[in-house]
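Here the structure is laid out as structure tokens; the discussion comes afterwards.
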Amino acid sequence: MSLMSRRATIVWVRWLSLFGITTAVFSRFSELPEIRVSHGVLAYLLLIVGASREGGRRLSAAMVVLGYLAVDWFFVPPRRAIGFPSEFDFIILVGFLVTAVVVSQLVVNLRQTATLATHRAEEIEKLSTERVLLEREASRADVLREAERLKDALIASLVHDLRSPITTMTMLAATDSGVSAESALQRIGDEVHRIDAFLSTLGRFTTGPHATQLLAIETHVADDLIGTALSSTEAALQGHPITTQTADTLVLLRCDFTLSLRILGNLLENAARYSPAGAPIDIRATTDDRQVRIVVSDRGPGLIDNEIDEVFRPLHRGSAAASEGRGSGMGLAIARTFAQAQHGDVLYAPRAGGGAQFILRLPAASMVAVPAGTQALRGFGL
Amino acid sequence: MPLHVLGNFVEPRSLLVVEDDDALRETLVQALSTICSRVRQVATLADAIHDCAEDEPDLVLLDLGLPDGDGSELLTRLRAITTVPIVVLSGRNEDEQKVALLDAGADDFISKPCSAAELVARVRGQLRRSATSLAARNAHIVVEGMEIDLVGQRVARDGVPQRLTPTEWALLRALVLNAGRPLTARQLWDLVWDREFGDYAVHVRVHMTHLRRKVEPNPAVPRLIVTEPGVGYRFVVP
Chain E
370 MSLMSRRATI
380 VWVRWLSLFG
390 ITTAVFSRFS
400 ELPEIRVSHG
410 VLAYLLLIVG
420 ASREGGRRLS
430 AAMVVLGYLA
440 VDWFFVPPRR
450 AIGFPSEFDF
460 IILVGFLVTA
470 VVVSQLVVNL
480 RQTATLATHR
490 AEEIEKLSTE
500 RVLLEREASR
510 ADVLREAERL
520 KDALIASLVH
530 DLRSPITTMT
540 MLAATDSGVS
550 AESALQRIGD
560 EVHRIDAFLS
570 TLGRFTTGPH
580 ATQLLAIETH
590 VADDLIGTAL
600 SSTEAALQGH
610 PITTQTADTL
620 VLLRCDFTLS
630 LRILGNLLEN
640 AARYSPAGAP
650 IDIRATTDDR
660 QVRIVVSDRG
670 PGLIDNEIDE
680 VFRPLHRGSA
690 AASEGRGSGM
700 GLAIARTFAQ
710 AQHGDVLYAP
720 RAGGGAQFIL
730 RLPAASMVAV
740 PAGTQALRGF
750 GL
Chain R
-5 MPLHVLGNFV
5 EPRSLLVVED
15 DDALRETLVQ
25 ALSTICSRVR
35 QVATLADAIH
45 DCAEDEPDLV
55 LLDLGLPDGD
65 GSELLTRLRA
75 ITTVPIVVLS
85 GRNEDEQKVA
95 LLDAGADDFI
105 SKPCSAAELV
115 ARVRGQLRRS
125 ATSLAARNAH
135 IVVEGMEIDL
145 VGQRVARDGV
155 PQRLTPTEWA
165 LLRALVLNAG
175 RPLTARQLWD
185 LVWDREFGDY
195 AVHVRVHMTH
205 LRRKVEPNPA
215 VPRLIVTEPG
225 VGYRFVVP
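In order, the protein sequence lines correspond to chains E and R. 751 is the number that the working numbering gives the last residue of the first sequence; the numbers go up by one with no jumps. 232 is the number that the working numbering gives the last residue of the second sequence; the numbers go up by one with no jumps.
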């Protein structure tokens, strides 16, 4: 009993008290002619059912014993005595005992089943919470793995692509290179820009310890992205007429601006590099609520069917490119991986009438209402 | 400092270069020697603060990667003792840091690597800016068929007036009055709007696009309002 919890003690005290009160009442009134055996039997059965429902098996058994004694004492002749039932009165006692035992067992079992079910439910709840946590853990691992993959592709390309500018510079830096100092300096400058482009791409992976911190995904306007890409590649696009299309409604997209700028710059430089001098380059953005597609189209040779997959593989350039042996800040493989890291993609489609179309696909963003009445003009002393 | 007429450039009295890498510091000093005969140089922030307090230069060129301090904290300490233009020299991959530095009071930043010509042009621009009074700054601009007149509140493309909304006017004012200086989305929001709002950057970007369509000679390739990727916008005086 010392092991009984506080709650169990309260239950025992409650039902024993109720038994005591009931018994006290019957001891006073059981002699009255209005009180019949059935009154007593039913009253004690009710007590047993209640105690079994709330207490455990022990309280239930105790109540059955006490109830039996009380019924025998007060209601089964000879009254005020235990045992020696006369004639058929033992049926009352046996009936009471059997009913009490069966009912109390049923109620107790029922209660235990309910408790077990509650425990199971709690356990399942706990397990599913753990599962969600595990899944979250797994998706974090996916992001990290993705970053790891990006890093690998990048390093592979970097090692490959850094060799040529370094070789060029080594040759140009020698006094007996045969190249005039002015021309050598100019070319060293160009090579330095290439190396810098690599480094700023690589730098994206050294800024934070966690993969999720690598990207600054925000809502941007497609016009802004395209305009900035065009001005930053102005030198490379020299001699190619550029056509753009501006929609009346703004195209909004979710992206990391500097990273997308690099992808787009890369697509524009490729378009200029692989199309004949003076050939026009077209760039425009379209949206369909879910996705924004920024399409860079040229009038170059385009890609042969079996080249399309190849061109997106690390360390590969199209057959038109192979002869030239020069690369920009990143290959198409890295451009695609960078786009995918922003939940987008880089795709190829042949252009009607000849030429290539490279498509930068990024998630669309919906316009947020501008807060009304905030256009307060601040004075600047003018 | 005497008030100079816009466009004139008078040789600054002295410039201060704060850079810990010896080779880079020498090169920076050499490049700046073409516009100033007295270029001082220090290698640590402590020396820079000491130097500024003793004899205030006309401009400070500050490298981010100093041994005795970091980023905006470093700039705040320097800002506390001087109001002269501070141009920050930073790596290209430190966008967030650039934003923090501009918000902390830097006047401009130059991304490493840069050419000597670009460096000198930026430093000249900041010197000219600090020598010109606010009201005299670019109040009237004419470029490639665009006419922008802040005083007369008039923007015209090939003589055809453009209708700007009050927000667009406020944005244009903020940009032009800070011409040559990169402004972060946060700074523009604080200058133009007067209350806190969740995703302010998106609103600045959207209004900027609308403004560009009205004031840029060729809105497809902006020349006046240039995007500084990852940082903000800069009005470039033609």
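Positions of the beta carbon are idealized from the N, C-alpha and C atoms, including for glycine. From a predicted model like this one, the values you see are computed outputs, not experimental measurements.
Cβ-based burial, residue i [other Cβ within 10 Å; buried from 16]
| i | result |
| --- | --- |
| E638(E) | buried |
| G146(R) | exposed |
| Q481(E) | exposed |
| H589(E) | buried |
| K92(R) | buried |
| G698(E) | In this prediction, G698(E) has a pLDDT of 43, which is less than 50 and means its spatial position is unreliable; nothing more can be read from the coordinates. |
| W384(E) | buried |
| G724(E) | buried |
| Q555(E) | exposed |
| A329(E) | Beyond the ends of chain E as shown, which are 370 and 751, falls residue 329(E); an answer cannot be given. |
| P614(E) | Inspection of the sequence shows that residue 614(E) is occupied by Gln rather than by Pro. By the neighbour-count rule (16 or more Cβ atoms within 10 Å), Q614(E) is not buried but exposed. |
| G647(E) | exposed |
| E48(R) | exposed |
| R686(E) | Here the model assigns R686(E) a pLDDT of 49, short of 50, so the residue's position is not dependable, and the following value carries that caveat. Under this definition R686(E) is a buried residue. |
| V136(R) | exposed |
| S666(E) | buried |
| T178(R) | buried |
| I219(R) | buried |
| Q181(R) | buried |
| H197(R) | buried |
| T484(E) | exposed |
Residue closest to residue i, alpha-carbon to alpha-carbon, out of the options
| i | options | result |
| --- | --- | --- |
| V752(E) | S601(E), S429(E), D667(E), V463(E) | For chain E, the structure presents residues 370 to 751; residue 752(E) sits outside this window and is missing. |
| E138(R) | Y194(R), E112(R), P216(R) | P216(R) |
| R705(E) | L630(E), L401(E), P447(E), V528(E) | L630(E) |
| P732(E) | A550(E), A641(E), A604(E), E587(E) | E587(E) |
| A708(E) | L729(E), A718(E), G722(E) | L729(E) |
| E517(E) | D714(E), A710(E), Y717(E), Q726(E) | A710(E) |
| E5(R) | V117(R), A98(R), L18(R), S109(R) | V117(R) |
| A110(R) | T21(R), P211(R), L10(R) | T21(R) |
| D52(R) | V23(R), T70(R), L9(R) | L9(R) |
| A641(E) | G389(E), P610(E), I595(E) | P610(E) |
| H201(R) | D593(E), V561(E), L479(E) | D593(E) |
| D674(E) | V661(E), G713(E), R720(E) | R720(E) |
| I13(R) | V33(R), A25(R), L58(R), E50(R) | Here residue 13(R) is Glu; the residue named in the question, Ile, does not match the sequence. With distances taken between Cα atoms, E13(R) lies closest to L58(R). |
| P449(E) | A604(E), S552(E), V440(E) | Note on identity: in this sequence residue 449(E) is Arg, with Pro being the wrong assignment. Comparing Cα-Cα distances from R449(E) to each of A604(E), S552(E), V440(E), the minimum goes to V440(E). |
| R123(R) | I142(R), D62(R), V78(R) | V78(R) |
Residues bridged to residue i (per DSSP)
| i | result |
| --- | --- |
| Q660(E) | P732(E) |
| S429(E) | Answer is none; S429(E) lacks a bridge partner. |
| T178(R) | G226(R) |
| M202(R) | For M202(R), which the question treats as bridged, DSSP gives no partner whatsoever. |
| I379(E) | None, per the DSSP bridge assignment. |
| P155(R) | A150(R) |
| T613(E) | I652(E) |
| P213(R) | DSSP, once it has assigned bridges, lists no residue as partnering P213(R). |
| F103(R) | V82(R) |
| S666(E) | D651(E), Q726(E) |
| Y717(E) | F727(E) |
| Q711(E) | None, per the DSSP bridge assignment. |
Cross-chain neighbours of residue i in chain R, by beta carbon under 7 Å
| i | result |
| --- | --- |
| H589(E) | R199 |
| D658(E) | By Cβ distance, chain R contributes nothing, its closest Cβ being about 17 Å from D658(E), past 7 Å. |
| D565(E) | P107 |
| L630(E) | P223 |
9 Å Cβ cut-off: residues of chain R touching residue i
| i | result |
| --- | --- |
| V664(E) | Per Cβ cutoff of 9 Å: no residues; V664(E) is ~15 Å from chain R at best. |
| V561(E) | P107 |
| D667(E) | What D667(E) touches in chain R: nothing, since even the nearest Cβ is about 17 Å away. |
Chain E residues whose Cβ lies nearer than 8 Å to that of residue i
| i | result |
| --- | --- |
| A195(R) | E587, T588 |
| P213(R) | D592, G596, T615 |
Partners in chain R for residue i, counting only beta-carbon separations shorter than 8 Å
| i | result |
| --- | --- |
| T627(E) | D89, P223, G224 |
| L599(E) | A214, V215 |
Min CB distance residue i to chain A below 8 Å
| i | result |
| --- | --- |
| L502(E) | Included in the structure are the protein chains E and R, with no chain A among them. |
Chain E contact residues for residue i, given Cβ-Cβ distances below 7 Å
| i | result |
| --- | --- |
| T203(R) | V590, D592, D593, L619 |
*Any residues in the segment 603 to 621 of chain E with a beta carbon nearer than 7 Å to a beta carbon of chain R? Which ones, in chain order?*
Taking a C-beta cut-off of 7 Å against chain R, the contacting residues of the segment 603 to 621 of chain E are T613, T615, L619, listed in chain order.
_Which residues of the segment 635 to 649 of chain E have a Cβ closer than 8 Å to any Cβ of chain R? Give them in chain order._
Cβ proximity to chain R below 8 Å picks out nothing from the segment 635 to 649 of chain E.
*Identify each residue in the segment 469 to 501 of chain E for which the Cβ-Cβ distance to at least one residue of chain R is less than 9 Å, and report them in chain order.*
Taking 9 Å as the Cβ-Cβ cut-off against chain R, none of the residues of the segment 469 to 501 of chain E qualify.
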